[in-house]
Every structure is written in C-alpha cells, then in structure tokens.
Amino acid sequence: MAQAKPLSRPLAIVTGASSGIGYELARLCAENGYDLVIAADRPLAEAARDLRAIGANLETVEADLATTAGVDRLYAAAKGRAVEALLANAGHGLGHGFLDQDFAQARHVIDTNITGTIYLVQKVGRDMRERGAGRILITGSVAGFIPGSFHAVYNGTKAFIDSFSWALRNELKDSGVTVTCLMPGVTDTEFFERAGMMDTAVGQGSKADPADVAKTGFEAMLKGEGDVVAGWKNKFQTAAASVTPAAILAEQHRKQAEPGSGRPDEPSVSARRSAGR
Ligand SMILES: NC(=O)c1ccc[n+]([C@@H]2O[C@H](COP(=O)([O-])OP(=O)(O)OC[C@H]3O[C@@H](n4cnc5c(N)ncnc54)[C@H](OP(=O)(O)O)[C@@H]3O)[C@@H](O)[C@H]2O)c1
2 MAQAKPLSRP LAIVTGASSG IGYELARLCA ENGYDLVIAA DRPLAEAARD LRAIGANLET
62 VEADLATTAG VDRLYAAAKG RAVEALLANA GHGLGHGFLD QDFAQARHVI DTNITGTIYL
122 VQKVGRDMRE RGAGRILITG SVAGFIPGSF HAVYNGTKAF IDSFSWALRN ELKDSGVTVT
182 CLMPGVTDTE FFERAGMMDT AVGQGSKADP ADVAKTGFEA MLKGEGDVVA GWKNKFQTAA
242 ASVTPAAILA EQHRKQAEPG SGRPDEPSVS ARRSAGR
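Numbered as in the working numbering, the sequence shown ends at 278 without a single skipped number.
As structure tokens, this is what we get:
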C-alpha cells in the first residue's frame with residue numbers, strides 16, 4: 002500500500018502548469034519539497050502524473066482563470082491550507098493587428114493576464130499577510146517594456162503586471178510576504194502557436210529553454226528578489242528599452258510580430274517537437 006506523505010510539507014499554487022514555464026515552475030516546486038495545487042484550463046493529467054512521481058501531494062484544477070468563478074474554484078482547492086508560495090503564471094497572447102482581432106479573444110487576454118491574476122493574488126495575498134509569511138511569484142514579461150505592435154493587448158497586459166508587482170511588493174514590505182516578478186524574454190513554449198503567431202519572425206526565431214527561465218524565477222522567488230529578467234540578452238533589451246523612444250520600439254516590434262514576417266515554410270513548434278528538433 003502507498004505510504005501517505007506527511008502534511009507538513011509547504012503548499013504552492015502554480016497556475017498555467019499544464020505546459021511551458023508553469024510546468025517547469027511546478028516541477029521545481031515538487032523537487033523542492035512543496036505539495037501542489039496546479040491549475041490550467043485544459044486537462045492536467047500528464048503534468049500531474051509527472052509531478053506526483055517526484056513526490057508531491059497534488060490537486061489539479063481545470064478552470065478558466067480569466068473568470069472570478071474559475072479563480073474561486075482554484076482558491077477553494079487549497080482547502081484552507083496555508084499557501085506558502087503562489088506562482089501566478091497563467092497567461093496567453095493574441096497575434097495580429099488590434100482592429101483585426103476578435104474582441105472577445107482580446108478581452109480574454111486581459112481577463113487572464115490581468116484580472117484573474119490579480120484576483121488570485123489578492124485572495125492568497127490576504128491570507129499570507131495575515132500569517133505574516135509567503136512568497137508570490139508573478140510571471141510578467143520583458144514585453145511589458147515594449148509597445149507591442151501586432152501584439153498590442155498582450156504587451157499592455159504585461160506592462161500592467163510588471164508595474165503591479167513592484168507596487169504590491171512595496172505595499173507588503175515588512176509584512177513577511179515577498180513579491181517577485183519573473184520577466185522572461187522569448188521562450189520555447191506553446192505560447193506563439195496558441196497566439197496564432199507562427200508566421201511571424203518572433204514565432205519562428207530562437208528561444209530560451211523554459212526550464213532555465215523557470216529556474217531563474219524560482220530562485221529569485223526563494224531569495225525574495227523584486228524582479229528578475231531571464232537571460233542576459235533580455236537584460237540588455239530591457240536596459241536599452243528604457244532609453245529608446247517608444248516609436249522606435251514599436252517599429253522594431255512590428256518587424257518581429259507582424260503577420261507574415263516569418264518564413265512561410267517554417268514548421269510549427271509541435272511539428273518540430275515530433276521531429277525531435
Ligand atoms: N513564451 C514566451 O515567450 C513568454 C515570454 C514572456 C512571458 N511569458 C509568460 O509566461 C507565462 C507562461 O506562458 P508559456 O510561455 O509557458 O506558454 P504556454 O506553454 O502556452 O503555457 C501557458 C499556460 O497558461 C495556461 N492558461 C492560459 N490561459 C489560461 C486561462 N484563461 N485559464 C487557465 N489557464 C490558462 C495554459 O493552460 P492550458 O494548457 O490549459 O491552455 C498553460 O498552462 C504566461 O504568463 C506568458 O505570458 C511567455
């Protein structure tokens with residue numbers, strides 16, 4: 002008979018743990034002795050199996066975290082247990098020019114990346130403040146530094162998150178609760194495929210390994226750092242962005258994200274994965 006694991010392990014909530022950076026963050030939590038509540042809006046069985054094999058007690062929640070009802074279900078899944086770490090990572094993009102986007106889809110980007118994220122942070126953060134302890138890691142992006150032509154709503158949401166994280170961190174100083182913002186650059190996940198950006202230069206260009214990005218964020222969270230930009234190229238990019246006129250940044254972004262800016266015959270991420278590339 003399987004031995005029940007002790008309940009004294011710390012608990013982490015990780016959102017967007019079905020793939021990419023969130024999956025790698027959940028792995029790091031499991032490897033570092035956390036039990037987990039993981040959430041995404043698609044089935045999590047595969048991720049759950051891997052994480053349980055590492056030794057984590059684990060609950061899965063399939064919910065649309067763009068909705069307050071979805072976030073409420075996730076919060077309830079912790080069953081009142083103290084959440085030591087909240088890794089609010091779920092998010093998605095949406096390519097094409099803003100006027101050509103479906104408004105419901107554009108709104109879903111805002112509701113996921115901003116509304117659902119800060120609602121969850123508020124609920125869990127209040128408990129942490131009450132206990133005088135806790136770590137919050139929010140996945141922002143270097144995109145928050147750049148006006149995102151042909152990815153405009155997404156970049157705007159990340160500008161919000163990058164800024165919000167610093168403000169909340171300041172509000173919570175001396176409370177025992179730390180807030181860290183992980184700001185990845187372009188990372189090799191399913192993000193660009195889901196955003197409909199595989200015909201763009203950024204969708205097809207070289208990308209960071211999500212495991213490395215997650216490790217950078219996880220370590221910064223444990224140290225209680227304010228923010229961390231994953232990768233030296235992105236550190237340079239964010240430094241340059243702060244002294245570059247917005248019009249130039251927007252034009253540079255157009256070259257990367259305009260539909261058709263990539264090579265027409267480039268295979269998708271999933272096709273490359275199945276071909277072992
Ligand atoms: N990849 C990049 O280049 C990059 C760069 C900077 C920042 N980021 C940020 O990193 C985070 C993770 O993205 P990723 O690159 O790892 O992409 P990914 O592989 O597509 O993972 C995104 C995760 O978020 C979940 N998610 C998205 N919308 C959701 C919703 N409404 N409700 C519940 N779950 C939702 C997805 O769940 P399902 O599987 O159920 O859809 C998935 O688990 C995002 O916040 C993204 O903005 C990514």
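Backbone N, C-alpha and C fix where the C-beta goes; we use that ideal spot for every residue, glycine too.
Annotation: the continuous alpha helix (DSSP H) that includes M222 extends over 211–224. If you check the C-beta of S164 against ligand 1, you find no heavy atom less than 6 Å away. With contacts defined as CB atoms closer than 7 Å, T140 and L66 fail to qualify as a contacting pair. Measuring C-alpha to C-alpha distances from A209 to each of P185, E226, L138 identifies P185 as the nearest. Under the three-state reduction of DSSP output, T245 falls in the coil class, being neither helix nor strand.
Taken through DSSP and simplified to helix, strand or coil, R264 comes out as coil. The C-alpha of L26 lies about 15 Å from the C-alpha of V229. Boundaries of the beta strand (DSSP E) around L87: 84–89.
A residue is called buried once 16 or more other Cβ atoms fall within 10 Å of its Cβ, and F104, having fewer, is exposed. Excluding sequence positions up to five before and after K216, its CB lies within less than 7 Å of the CB of L29, all in the same chain and listed in chain order.
Scanning the stretch 41–86 for uninterrupted beta strand (DSSP E) segments of 3 residues or longer gives 59–63, listed from N- to C-terminal end.
In the structure shown, the three-state DSSP call for M184 is strand. For T201, the three-state secondary structure derived from DSSP is coil. Counting only runs of at least 4 residues, the stretch 100–148 fully encloses the following alpha helix (DSSP H) elements, listed from N- to C-terminal order: 104–111, 118–132.
A contact between stretches requires three or more CB pairs, one per stretch, nearer than 8 Å, and the stretch 237–246 fails this requirement with the stretch 127–137. Counted as a single uninterrupted DSSP element, the stretch harbouring A196 is not any beta strand (DSSP E), since DSSP gives it neither H nor E. A residue is called buried when at least 16 other Cβ atoms come within 10 angstroms of its Cβ; S150 meets this threshold and is buried. By the Cβ test, the stretch 194–205 is not in contact with the stretch 165–179, since fewer than three Cβ pairs between them sit closer than 8 Å. Between L45 and R53, the CB-CB gap reaches or exceeds 7 Å.
The Cβ-Cβ distance between H152 and G117 does not fall below 7 Å. In this structure, E191 has its CB closer than 6 Å to one or more heavy atoms of ligand 1. Counting along the chain, L169 sits inside the alpha helix (DSSP H) bounded by residues 153–172.
For Y120, the closest C-alpha among the options A160, Y76, A41, R10 is that of Y76. Secondary structure note for A27: its alpha helix (DSSP H) is the uninterrupted segment 21–32. Relative to ligand 1, P148 has its C-beta separated by 6 Å or more from all heavy atoms. According to the DSSP secondary-structure assignment, L12 is paired through a beta bridge with D36, V84. Taking the Cβ of D73 as the reference point, every heavy atom of ligand 1 lies at 6 Å or farther away. Around V72, the same chain offers A64, L66, G117, Y120, L121, K124 as residues with beta carbons nearer than 8 Å, after the five sequence neighbours per side are excluded. With contacts defined by Cβ atoms closer than 7 Å, G204 and F193 form a contacting pair.
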